[in-house]
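Peer 1: The listed protein sequences derive, respectively, from chains A and B.
For the record, in the first sequence the residue sitting at position 148 is 148 according to our numbering, with numbers rising by one throughout.
Quick note: to get our numbering, add 1000 to the position in the second sequence (first position is 1).
Beta carbons are placed, not taken as given, at the ideal position from N, Cα and C, and that holds for glycine.
This is the structure I have questions about; it appears just below.
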Amino acid sequence: MRIVVKRIMGVTALACAGLLTATACSGGSGSGGSGNGPVTVTVMTWESADTNAAIKKALADFKDDNIKVDLLESPSGQYGDKLASLTQAKKLPDLFWCGNDTEQQYTSQGLLVDWADKIKNGDGDFNADKFVPSAMDNWKTADGQMGGLPSLMNTYGVWYNADAFTAAGLPLPKAGWTWDEMYADAAKLANKNGAKYGLVADQLTSADGPFTMSMYSVSAGGAPFTDNVNHPTKAEADDKYTEGVTKLAAAIKNGSVAPPGYDASNVQSLFAAGKVPMTFGGQWLAAGFQTDKPKIKYGFAPFPQVQTPTTLYDSVGICTPQYTKDQDATFKVLEYINTKVWDAVLPASPVAPPAYTPAQASYFDALTKAQQSTVVDTVKADLAAEKTVGVRFTTQWASQVGDLTTANYQPILSGKKPITDLPAYIDKINGLIKQGS
Amino acid sequence: MSRNAGSDVKAAYLFIAPAVIGFGVFVGYPLIRSFYLALTKYNGLTDPVFVGLGNFRRLFTTDPAFWPALRATGYLVLLYVPLSLVLGLALAMFCNQRFAGVRVVRTLAYLPVVLPAVATITLWKFMLDPQVGLLNTILDRLGLPTSLWLQSPKMAMPSVVLVMLWGVGGTMIIFLAALQSVPTELYEAAKVDGAGPWSMFFRITMPMISPIMLLQVILQTTAALQTFNQPKILTNGGPGFSTNVLMLSIYNNGFPTLGRIPQLGYASAQVWVLFVIIIAVIALTAKFSSLWTYSDNN
């Protein structure tokens, strides 16, 4: 018996030792390498398998005897969960795709490498001057740190079914059209040819809807919903803003616009099938439409305006954890991605214009070649727009604002609460801002 | 104690050690840790900061999502538990009959339980789509009014419950086992006494399977209180807070969408509130079970 027990204990100890060894050796940022070997820089994206394959192919051309680049094979779904668990385990890759809000939050927590000086005093063409200025401004924290660099710009507008507009005898949406015209068009297109609503605008009705509504008030010369998404001092709903909310609530009430709660996850397919005549969306849909040809003739127009062209502002980028093993090697790969990789990836999949302006040509060339001229025009107009508004708070308490929006703002849009409840909702957000600061 | 007895005791400890260690590592420690985190402000990125009962105070006083989450959870339990018990028992009684092909019927009734939950829920989401879904297409063809289903604040929760009932085969199997354990001589004696089907159901079947019914009430209530997959996949809590049940709220606070910082301390506080609710519901159900369950002692 005693021998058996000893054997069991021995085997268990060996198994435990094996497990511990395996755990100690596995995963992680994986940077570094042996004392003499090349440094490995790991990269993680949220892209599709096809785009990742194109990125991997492009990264294979990165030549540096001292650096090896490893693109982590990772399914694109649930990127947020993946990032959260890797962050908590302190196993983030050396370079990972991140949103502006993630970069702001992680940088303020001291989790990311600060590239501000490096990009400001960059060698040759790779320096701050060559990036879209507004993107660089937004990627800086209050104290001037940059935990990553913007890589691609997201621009937004209105995708429209040109066939449905023509059939209804309506002029096609184009730069300079107004919010009133958009709602009038939506009313005429609703309940026709299998389309229930004339306009599906998740950006206007979701938890981030109050920010999108800023486009109306700012365009009309009023105040935005908040003065700053990164470091807000106040939220506001002035007369112009209230006017915009009132018009949207009326359009939802008469059935022209899809109400809050409408499941917009399938809207791209519905639009392509001709069942959604107009939808708010990003330029990235163009890449999908290029491969899965919609049945309809479609176009992409800038957002409507009241007086001044105004658009949403959003950029994504690449971040680096503070514990990356070799910052110089990581920055070299970061530079290579921003300057070279997009030229190889975007012609096949034109998802977004690069924030690094010299790399933008390949994106616009690809769209022009694919005869997506309305997308080219709208993206260019958006990038040049004088007035932009943020898409959501990047603060720690942003999710609490989301709950307040669900409980207060969305019922106002649905007509379940009166428009006069808007100031109370704003007061609650200002309470959070006060607490947060 | 003899020498051999001492060895046996050691061996016994050794054999139960994996279970005890497993429980300690995977249940005991997380339980203690989550209680500690419930008393802290913790985002998973930086060290926890002790805030005492601050998370609980925020839950009950200022969080606009908490009370709607409790209401949604209560509504789901009240809707789902009775329906699953009635439907499960009805299906079990049907499958307890003797007819050709009964085994096939039993298999078909249980089949949804073994199918991957995410796949079936996703299929239901397509079927419940108001524009292109199968349900509305059928209703439309029949000239009946259609519904927004998951996109209507009123219909969203009943639609979620409908999808949950798709897995009622699990309840059916347990009831079927209970029905088959009822002594047939009781029915034979009742028949001799002139009892009808309803009388036999209420005076023999129900009392005899009442201990299993109690088990099912507890199991189904506990499961309903912890519902996550269906509302996550079908509605993600919407429209508004109509299907934002407590488990979903906990998940969204602990693992928020990309770009938002996790509130793991706050989510842990919610977990403990849910834990207390589950314990309270089970305790109440057990306490009053003697009023309606049959045992040899009463």
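Is residue 305 of chain A helix, strand or coil by DSSP?
Peer 2: In the first sequence, counting from the first residue as 1, residue 305 of chain A sits at position 305. Correct three-state label for residue 305 of chain A: strand.
Peer 1: Do residue 1039 of chain B and residue 1220 of chain B come within 9 Å of each other at the CB atom, strictly closer than that value?
Peer 2: For the purposes of this step, residue 1220 of chain B is taken as the residue at position 220 of the second sequence. For the purposes of this step, residue 1039 of chain B is taken as the residue at position 39 of the second sequence. No, the pair does not count as a contact, with Cβ atoms beyond the cut-off.
Peer 1: Could you give the first and the last residue of the continuous alpha helix (DSSP H) run that contains residue 1192 of chain B?
Peer 2: Indexing the second sequence from 1 puts residue 1192 of chain B at position 192. Residues 1184 to 1192.
Peer 1: Using the rule of at least 16 other Cβ atoms within 10 Å of the residue's Cβ for burial, across every protein chain shown, is residue 1005 of chain B buried or exposed?
Peer 2: To locate residue 1005 of chain B, count along the second sequence from 1; it is residue 5. It counts as exposed.
Peer 1: According to a CB-to-CB cut-off of less than 8 Å, which residues of the segment 1061 to 1082 of chain B neighbour chain A?
Peer 2: The segment 1061 to 1082 of chain B vs chain A, Cβ under 8 Å: 1063, 1064, 1065 and 1068.
Peer 1: Looking only at its own chain, which residues have a Cβ that is under 7 Å from the Cβ of residue 1208 of chain B, when we skip the five neighbours before and after it?
Peer 2: Mapped onto the second sequence, residue 1208 of chain B falls at position 208. 1182 and 1294, listed in sequence order.
Peer 1: Touching or not, the segment 1253 to 1263 of chain B and the segment 1277 to 1286 of chain B, by the rule of three or more beta carbon pairs under 8 Å?
Peer 2: Cβ pair count under 8 Å is below three, so no.
Peer 1: Under a three-way DSSP split, which group does residue 313 of chain A fall into?
Peer 2: Here residue 313 of chain A refers to the residue found at position 313 when the first sequence is read from its first residue. Of the three classes helix, strand and coil, the one that applies to residue 313 of chain A here is strand, per DSSP.
Peer 1: Please compile the residues from chain A whose C-beta is within a distance smaller than 8 Å of the C-beta of residue 1263 of chain B.
Peer 2: Locating residue 1263 of chain B in the second sequence gives position 263, counting from the first residue. The answer, in chain order, is 399.
Peer 1: Between B:1270, B:1036 and B:1256, which lies nearest to residue 81 of chain A when the distance is taken from Cα to Cα?
Peer 2: Residue numbering aside, residue 81 of chain A sits at position 81 when the first sequence is read from its first letter. That would be B:1256, whose Cα lies nearest to the Cα of residue 81 of chain A.
Peer 1: Give the single residue among A:73, A:265, A:253 and A:292 whose Cα lies nearest to the Cα of residue 272 of chain A.
Peer 2: The count along the first sequence starts at 1 and reaches residue 272 of chain A at position 272. The residue with the shortest Cα to Cα distance from residue 272 of chain A is A:292.
Peer 1: Confirm, please, whether the CB-CB distance from residue 217 of chain A to residue 244 of chain A is below 9 Å.
Peer 2: Residue mapping note: residue 244 of chain A aligns to position 244 of the first sequence, counting from 1. Residue mapping note: residue 217 of chain A aligns to position 217 of the first sequence, counting from 1. The answer is yes: Cβ separation under 9 Å.
Peer 1: Would you call residue 31 of chain A buried or exposed, if buried means 16 or more other Cβ atoms sit within 10 Å of its Cβ?
Peer 2: Translated into the one-based positions of the first sequence, residue 31 of chain A becomes position 31. At residue 31 of chain A, the pLDDT of 46 sits below 50, so the modelled position is not reliable; the number obtained from the coordinates is stated separately. The residue in question, residue 31 of chain A, is buried, as its Cβ has 16 or more Cβ neighbours within 10 Å.
Peer 1: Quick check on the DSSP output: the alpha helix (DSSP H) that includes residue 1124 of chain B runs from which residue to which?
Peer 2: Mapped onto the second sequence, residue 1124 of chain B falls at position 124. Per DSSP, residue 1124 of chain B belongs to the alpha helix (DSSP H) from 1117 to 1127.
Peer 1: 9 Å is my cut-off, CB to CB: does residue 1123 of chain B come that close to chain A?
Peer 2: Counting from 1 along the second sequence, the entry for residue 1123 of chain B is found at position 123. Not one chain A Cβ lies under 9 Å of residue 1123 of chain B.
Peer 1: Using alpha carbons as the reference points, say which of A:181, A:151, A:152 and A:428 lies closest to residue 165 of chain A.
Peer 2: Reading the first sequence from its first residue, position 165 is the one you call residue 165 of chain A. Nearest option by C-alpha distance: A:181.
Peer 1: Please list, in chain order, the chain B residues whose beta carbon lies closer than 7 Å to that of residue 263 of chain A.
Peer 2: Against the first sequence, residue 263 of chain A aligns to sequence position 263. Per Cβ cutoff of 7 Å: 1150 and 1151.
Peer 1: State the start and end residues of the unbroken alpha helix (DSSP H) segment that holds residue 1174 of chain B.
Peer 2: Taking the second sequence and counting its residues from 1, one reaches residue 1174 of chain B at position 174. Its alpha helix (DSSP H) spans residues 1169 to 1180.
Peer 1: Cβ closer than 8 Å: which chain A residues qualify as neighbours of residue 1220 of chain B?
Peer 2: As a working note, residue 1220 of chain B is residue 220 in the second sequence. Here the premise fails: no neighbours, minimum Cβ distance about 28 Å.
Peer 1: With a threshold of 8 Å, are at least 3 pairs of Cβ atoms found where one atom belongs to the segment 212 to 227 of chain A and the other to the segment 240 to 255 of chain A?
Peer 2: Because the criterion of three Cβ pairs below 8 Å is met, the segment 212 to 227 of chain A and the segment 240 to 255 of chain A touch.
Peer 1: Name, in chain order, the residues that DSSP records as bridge partners for residue 115 of chain A.
Peer 2: Counting from 1 along the first sequence, the entry for residue 115 of chain A is found at position 115. DSSP, once it has assigned bridges, lists no residue as partnering residue 115 of chain A.
Peer 1: DSSP on residue 278 of chain A, reduced to helix/strand/coil?
Peer 2: Position 278 of the first sequence, counted from the first residue, corresponds to residue 278 of chain A. Here residue 278 of chain A sits in strand by DSSP.
Peer 1: Checking contacts by CB at 9 Å: is residue 1268 of chain B closer than that to chain A?
Peer 2: On the second sequence, residue 1268 of chain B is found 268 positions in, with the first residue counted as 1. No, no contact with chain A.
Peer 1: Kindly list the residues whose CB is nearer than 6 Å to the CB of residue 351 of chain A, restricted to its own chain and excluding five residues on each side of it in sequence; keep chain order.
Peer 2: One-based indexing of the first sequence puts residue 351 of chain A at position 351. 284 and 287, listed in sequence order.
Peer 1: Using the three-state DSSP reduction, which class does residue 318 of chain A fall into: helix, strand or coil?
Peer 2: Walking along the first sequence from the start, residue 318 of chain A turns up at place 318. Here residue 318 of chain A sits in strand by DSSP.
Peer 1: Using beta-carbon positions only, say whether residue 196 of chain A and residue 187 of chain A come within less than 9 Å of one another.
Peer 2: The count along the first sequence starts at 1 and reaches residue 196 of chain A at position 196. The count along the first sequence starts at 1 and reaches residue 187 of chain A at position 187. Taking 9 Å as the Cβ cut-off, residue 196 of chain A and residue 187 of chain A do not qualify as a contacting pair.
Peer 1: Work out the CA separation of residue 1020 of chain B and residue 6 of chain A for me, nearest whole Å.
Peer 2: One-based indexing of the first sequence puts residue 6 of chain A at position 6. One-based indexing of the second sequence puts residue 1020 of chain B at position 20. Since pLDDT at residue 6 of chain A reaches only 45, below the 50 mark, its modelled position is unreliable, and the value read off the structure follows with that caveat. Using only the alpha carbons, I get a separation of about 20 Å.
Peer 1: Where does residue 100 of chain A land, buried or exposed, given buried means 16+ other C-beta within 10 angstroms?
Peer 2: The residue you call residue 100 of chain A lines up with position 100 of the first sequence. The residue is buried, with at least 16 neighbouring Cβ atoms inside 10 Å.
Peer 1: Let me check one thing: in DSSP terms, what residues is residue 92 of chain A bridge-paired to?
Peer 2: Taking the first sequence and counting its residues from 1, the one referred to as residue 92 of chain A is at position 92. None; residue 92 of chain A has no bridge partner.
Peer 1: In its own chain, which residues sit with a C-beta less than 7 Å from the C-beta of residue 1087 of chain B, not counting the 5 before and 5 after it?
Peer 2: Here residue 1087 of chain B is taken as the residue at index 87 of the second sequence, counted from 1. Hits under 7 Å: 1165 and 1168.
Peer 1: Within a Cβ cutoff of 7 Å, which residues of the same chain sit near residue 366 of chain A, ignoring the five residues on either side of it in sequence?
Peer 2: Here residue 366 of chain A refers to the residue found at position 366 when the first sequence is read from its first residue. Correct list, in chain order: 346, 347 and 350.
Peer 1: According to DSSP, is residue 1221 of chain B part of a helix, a strand, or is it coil?
Peer 2: Here the question's residue 1221 of chain B lines up with position 221 in the second sequence. Note: residue 1221 of chain B maps to helix in three-state DSSP.
Peer 1: Under 8 Å Cβ-Cβ, which residues of chain A neighbour residue 1255 of chain B?
Peer 2: Start at 1 with the first residue of the second sequence, and residue 1255 of chain B comes out as number 255. Under the 8 Å cutoff, chain A gives 80, 81 and 84.
Peer 1: Please state whether DSSP places residue 1015 of chain B in a helix, a strand or coil.
Peer 2: Taking the second sequence and counting its residues from 1, one reaches residue 1015 of chain B at position 15. In this structure, residue 1015 of chain B counts as helix in the three-state DSSP scheme.
Peer 1: Listed from N- to C-terminal order along the chain, which residues in the segment 1045 to 1059 of chain B have their beta-carbon within a distance smaller than 8 Å of any beta-carbon of chain A?
Peer 2: Listed by position, the residues of the segment 1045 to 1059 of chain B near chain A (Cβ gap below 8 Å) are 1045 and 1046.
Peer 1: Opposite residue 300 of chain A in the DSSP bridges: which residues?
Peer 2: Locating residue 300 of chain A in the first sequence gives position 300, counting from the first residue. Answer is A:159, bridged to residue 300 of chain A.
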